[in-house]
Every structure is written in C-alpha cells, then in structure tokens.
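Okay, so the sequence shown: first residue is 104 according to the numbering used here, each after it adds one.
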Amino acid sequence: MCLTRTRITKAFFCSVIFFARLDYSPYGRGLEMYDSSYASYVSFFHIEKSQRHPVLNVFIDIVRQRLIDIRKLKYKLSIGKNQEKYEQDKLSQIRRFRWALAYTLIKNEQLKRCRKHRLCSNRVTQSKTLERIFDKIGLTQTLPRKF
C-alpha cells in the first residue's frame, strides 16, 4: 500500500513538472497528436528542419538576389524616365505660362493705354490741345516744350 502511495505521489509530481513542458506529452505515445501544444512543438521542428536544407537556402538566396537586382534596375530606369518627363513637363509649363502672359499683355485693353508709345502720343496730343486752347485764350504756355 505504501508502494502505491509513493508511486501515485511520484506520478503526480512528475505530471506537474512535465505538464508545462512542450516537448513532453502527458497523453502518452498513441495520443500525442491530440495535445495541441505538443503538436505545435513537433510541427515547429519539422518546418525548421525542412527550411535548413543548404541547397534550398542557396537556391532561394540566388533567386532573391536576382529579384532585388531586377527591382533596382527597374527603379533606376523609372527614376531616369521620371526625371526626363518632369523636365519636359516643367519646360512645357513654362512655355505655356509665357505664351498666356504674352497673349494677356497684348490683348488687355487697360494695359494698352499704359504702353510707352501710347503714353508719348497722348502727351503730345494733350500738349497740342493745350497749346490750341492757350492760343485761343491768348495765354502763353509756361511749361517748356519738348519736341
């Protein structure tokens, strides 16, 4: 009887100690896969083993490096194309702006009155008109003439 108590006590302590361990299934050999923590632990080792194959790792590194090189090349080409397109767009935008500015300055009625040749002709016309008025009145113009 004492032997049975000792055996049950040892089994209880062992189950408490080993219960937290993932590498030991408390269900026994036939029922190991019904324990989800033990199944996860074993699956982790199988996947780690399959992913450590040296030939597979070298092949994956070569493929990955080629993909990186292709992406870098595409990126460099796209930067060059984008830079050229940006410069062309900028030049065409400047040309359009200058054309619109020139068109606006030529067609604007208010600005037509302020042009240099118009201002000169208006002053001459005004001065001639004032001369005629002063001549009719009999006054002489006090301002010096600029002809």
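Each residue gets a CB set at the ideal place from its N, CA and C atoms; glycine is no exception. Keep in mind the model is a prediction, meaning the values are calculated, not measured.
Sequence-distant Cβ neighbours of Y137 in its own chain, meaning closer than 7 angstroms and more than five residues away, are Y130. If you draw a straight line from the Cα of T109 to the Cα of I120, it is about 16 angstroms long. The Cβ neighbour count for S128, taken over all protein chains shown within 10 Å, is at least 16; the residue is labelled buried.
Cβ contact annotation for E135 (same chain, cutoff 7 angstroms, sequence separation greater than five): S128, Y141, in chain order. Straight through space, the alpha carbons of I182 and L176 are spaced by roughly 10 angstroms. DSSP places G183 in the helix class (H, G or I) of the three-state scheme. DSSP places Y144 inside the alpha helix (DSSP H), whose first and last residues are 139 to 154. Q154 sits close to N160, with the two beta carbons spaced by under 9 angstroms.
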